[in-house]
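Notes to accompany the following structure.
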Amino acid sequence: MLRFIARRGAMLVATLLVASFAIYGALYLAPGSPIAALTGGRTVPPEVMAQLEARYHLNEPFLTRYWIWLTSALHGDLGESIPLHEQVSTLIAQRIGVTISLVLLTSVIIIVVGVGLGIVGALGRGTVDTGVLFASTVSAALPAFAAAVLLQFVFGVMLGWFPVLGTGDGFVDGLRHLTLPALALAATSVALVTRVTRTAVREELGREHVQTAISRGLPWSGVVQRHVLRNAAIPITTVVGITIASLIALAAIVETAFGLNGLGAYLVQAAQNKDFAVVQGISLVLVFAFVITNVVIDIAYALLDPRVTLGSRAQ
Amino acid sequence: MSSLLEVRDLTVQLKMDAGPREVITGTSLDIGEGEAMGLVGESGSGKSMTAKAIARLLPDGATVTGSVTFDGTDVLALSGDALLKHRAQVAVVFQDPRAHINPVRRISDFMTESLRILDDVPKAEAVRKAAAALDEVGIDDPGKRLKQFPHELSGGMLQRVMIATALLSEPRLLLADECTTALDVTTQAEVMAILDDLRRDRGLSMLFITHDLELAGAVCDRTCVMYAGQIVETSAASRLHEDPLHPYSAALVQARPDISSTAERLVAIPGRPVSAFEAPSGCRFAPRCPHSLDSCRSTDQVLTDLDGGVVRCGRATDLRGNLLDGAHV
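Below is the structure:
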């Protein structure tokens, strides 16, 4: 266990390093400059320009700029946003709550609805199963941005049940504001989780060891709970974990569509403004969350399946 | 000897994509209290399906006619709790213990599951019983084994766990479905000896399914031979491989390599085994039978009594005593 965590820790550092370099490089190569975003396209006197460039190290070679950023980041200083003149860490702290809440709520929806429907579809036959398959097909065909517009129109504008924009204040109001975005974000993933759950449960139902349990005269509910669902939980956990990890990046679209002041929406905005430090900071937070989620999946997997040992070379 | 199990004219059709497929045709057999009955035949002959019908484990959509009576109860009519109770009384030892034991649960959980859930035995007592049962099947250090997972045990050990578990629930009938086929030869002998001993100690009835006539002869009182979903012969198990009445039984005996002499070529039964739904009319074995006449193919054969056994062959009396000659020349 300790060796596993140590190795995962080293992998996390390596991943962050590679990701930060790739993102820094991509931004450097992209057209436009942060000064242009800062001045709004107006011409500025050359001496002011030179002063700005020196202040933000914009005239240094690429590798030097990356090195300067990296060393200060290692000291906990993620730099300063050029257009906003604020610490990146402060900017992230202001927005991370919204994104975390959104991803958490979406995860709950995916687990409850996706796994629930999958089990119902696998255990129920005929009409119930067909209904689940139909619903999951429709939901799978809805990309987050389309789901966002549809949900806003139906539940926000026509029915007026939920607010369409903004974050709201307090827990209950915040939850109301997050409901539609979370549903939009969950749509595609729910379908995937439903399908995988349904297949996993069906597969376990046909297993020999389930037949053994039936042959011993155990009641059906016990067989399903102790053998079918227990074993199906292994593939289901994997797919739920991967899905949740991918939500972290997908959240950007939904945050933008619902005007939520979250990390994803801000990442898009910062990239457009060539705000290097902010893009870099948010990206690292996202990569960090992604890697941590994956470690949690691996640990859960090993806990669920005794045949898997943590830290085996095969991983 | 009173009959514990009576199967009468059992016919089973399974629901397949291509329509209903018959797998057992008009099978009848009796197993007495404490009796061991062998059920022998090639793959697809309907042996396992017969066992499944007895334990009510047939797949969804199977159509069953005829009757199965266990200790005076009509098994085919059971439902709900009565069905669960019936299954608990009929223990099954399956062929492949590795597939038939849940890989993610500990041995103790597998062994004590039905005691705890069905009989409300407290956990500590159930575990103690399980340890004693493991000891009985010759597994050392039961305490350690109980804490392990199935993948940490060998196949032979797992099958012994399976047998110990089956006996824990104090069943009245044991269905052993090719329970040694997946094991290597030395382990096979050990497992077989344990199963045979424990069964005799407890006076337990058993239906022993195998494709090995000689093995059936060693552990069973009587043996049924099945071909294409029908029983073709029932005889005293000890007699069957010396004096088979049906040409198919004789062919099975001859197909077993004789270790006392070097054969030029191993004897195989010509043709391939068929299932009930693809069997020809008339005698189902006729196309593969070296003794068949035109009349065999045109008339359905019925089971007739012959010298203490029953056989489904019109020529049984003519052929008696000559069936094994070919191999011993």
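Chains as they are written, first to last, in this note's numbering: chain B, 86 to 400; chain D, 174 to 502.
Backbone N, C-alpha and C define an ideal beta-carbon position, used for all residues, glycine too.
The structure displayed is predicted, hence computed values, not measured ones.
What are the boundary residues of the alpha helix (DSSP H) that residue i is part of?
i, result
"residue 298 of chain D", "296-309"
"residue 469 of chain D", "467-471"
"residue 339 of chain B", "315-342"
"residue 268 of chain B", "255-290"
"residue 330 of chain D", "328-341"
"residue 288 of chain D", "280-291"
"residue 199 of chain B", "From DSSP, residue 199 of chain B is part of no alpha helix (DSSP H); its letter is neither H nor E."
"residue 323 of chain D", "Unbroken run through residue 323 of chain D: none, as it is neither H nor E."
"residue 371 of chain D", "358-375"
"residue 253 of chain D", "253-262"
"residue 222 of chain B", "212-225"
"residue 111 of chain B", "87-114"
"residue 234 of chain D", "That residue, residue 234 of chain D, is in no alpha helix (DSSP H); it is neither H nor E in DSSP."
"residue 477 of chain D", "Run containing residue 477 of chain D: none in the alpha helix (DSSP H); it sits in the beta strand (DSSP E), 477-479."
Given that a residue counts as buried once 16 or more other Cβ atoms are within 10 Å of its Cβ, and exposed if not, what is residue i?
i, result
"residue 502 of chain D", "Low confidence applies here, because residue 502 of chain D scores a pLDDT of 34, under 50, leaving its location unreliable; read the following figure in that light. It is exposed - the Cβ of residue 502 of chain D has fewer than 16 other Cβ atoms within 10 Å."
"residue 398 of chain B", "Annotation note: pLDDT 46 at residue 398 of chain B (below 50); position unreliable, coordinate value reported separately. Looking at its Cβ environment, which holds fewer than 16 other Cβ atoms inside 10 Å, residue 398 of chain B is exposed."
"residue 113 of chain B", "exposed"
"residue 398 of chain D", "buried"
"residue 300 of chain B", "buried"
"residue 243 of chain D", "buried"
"residue 182 of chain D", "exposed"
"residue 127 of chain B", "exposed"
"residue 203 of chain B", "buried"
"residue 222 of chain B", "exposed"
"residue 154 of chain B", "buried"
"residue 156 of chain B", "exposed"
"residue 312 of chain B", "buried"
"residue 388 of chain B", "exposed"
"residue 381 of chain D", "buried"
"residue 216 of chain D", "exposed"
"residue 223 of chain D", "buried"
For residue i, tell me which candidate among the options has the shortest Cα-Cα distance.
i, options, result
"residue 246 of chain D", "D:310, D:256, D:238", "D:256"
"residue 226 of chain D", "D:200, D:306, D:286, D:483", "D:200"
"residue 184 of chain D", "D:378, D:211, D:220", "D:220"
"residue 99 of chain B", "B:283, B:186, B:369, B:255", "B:369"
"residue 363 of chain D", "D:326, D:376, D:312", "D:312"
"residue 408 of chain D", "D:232, D:189, D:476", "D:476"
"residue 342 of chain B", "B:90, B:175, B:330, B:233", "B:233"
"residue 391 of chain B", "D:323, D:463, D:444, D:461", "D:323"
"residue 278 of chain D", "D:300, D:320, D:376", "D:320"
"residue 494 of chain D", "D:367, D:416, D:349, D:354", "D:416"
"residue 497 of chain D", "D:317, D:218, D:423, D:480", "D:423"
Ends of the beta strand (DSSP E) at residue i?
i, result
"residue 400 of chain D", "395-400"
"residue 394 of chain B", "No beta strand (DSSP E) holds residue 394 of chain B; DSSP gives it neither H nor E."
"residue 381 of chain D", "378-383"
"residue 188 of chain D", "176-189"
"residue 209 of chain D", "209-213"
"residue 166 of chain D", "In the structure as shown, chain D begins at 174 and stops at 502. Residue 166 of chain D is therefore absent and cannot be evaluated."
"residue 240 of chain B", "Here residue 240 of chain B belongs to no beta strand (DSSP E), and DSSP marks it neither H nor E."
"residue 197 of chain D", "192-205"
"residue 347 of chain D", "346-350"
So, for residue i: in the same chain, excluding its five sequence neighbours on each side, which residues have a beta-carbon less than 8 Å away from its beta-carbon?
i, result
"residue 335 of chain D", "266, 267, 270, 273, 274, 352"
"residue 385 of chain D", "213, 429"
"residue 118 of chain B", "143, 359"
"residue 400 of chain B", "Residue placement at residue 400 of chain B is poorly supported in this model, since its pLDDT is 38, which falls under 50; the coordinates still yield a value, given next. The residues are 383."
Below 8 Å on the Cβ atoms is my contact criterion, and I expect residue i with residue j to pass it. Report the Cβ-Cβ distance as a whole number of Å.
i, j, result
"residue 306 of chain D", "residue 341 of chain D", "5 Å"
"residue 250 of chain B", "residue 344 of chain B", "4 Å"
"residue 211 of chain D", "residue 396 of chain D", "4 Å"
"residue 401 of chain D", "residue 345 of chain D", "The pair is not a contact, with the Cβ atoms about 30 Å apart (cut-off 8 Å)."
"residue 249 of chain D", "residue 240 of chain D", "6 Å"
"residue 304 of chain D", "residue 316 of chain D", "6 Å"
Cutting at 7 Å between CB atoms, please list the residues of its own chain near residue i, excluding the five before and the five after it.
i, result
"residue 328 of chain B", "195, 274, 277, 278"
"residue 372 of chain B", "100, 101, 104"
"residue 356 of chain B", "364"
"residue 410 of chain D", "211, 389, 390, 393, 394, 395, 396"
"residue 267 of chain B", "187, 190, 191, 194"
"residue 323 of chain B", "382, 386"
Please work out which residues of its chain come closer than 6 Å, Cβ to Cβ, to residue i, disregarding the five sequence neighbours upstream and downstream, and give them in chain order.
i, result
"residue 224 of chain B", "272, 275, 276"
"residue 186 of chain D", "193, 195, 236"
"residue 150 of chain B", "142"
"residue 337 of chain D", "306, 307, 310"
"residue 206 of chain B", "214, 217, 283"
"residue 202 of chain D", "180, 397"
"residue 376 of chain B", "97, 100"
Sorry if obvious, but does the Cβ on residue i come closer than 7 Å to a heavy atom of the ligand PLP?
i, result
"residue 266 of chain D", "Annotation note on the ligand PLP: not contained in the displayed structure, which lists no ligands."
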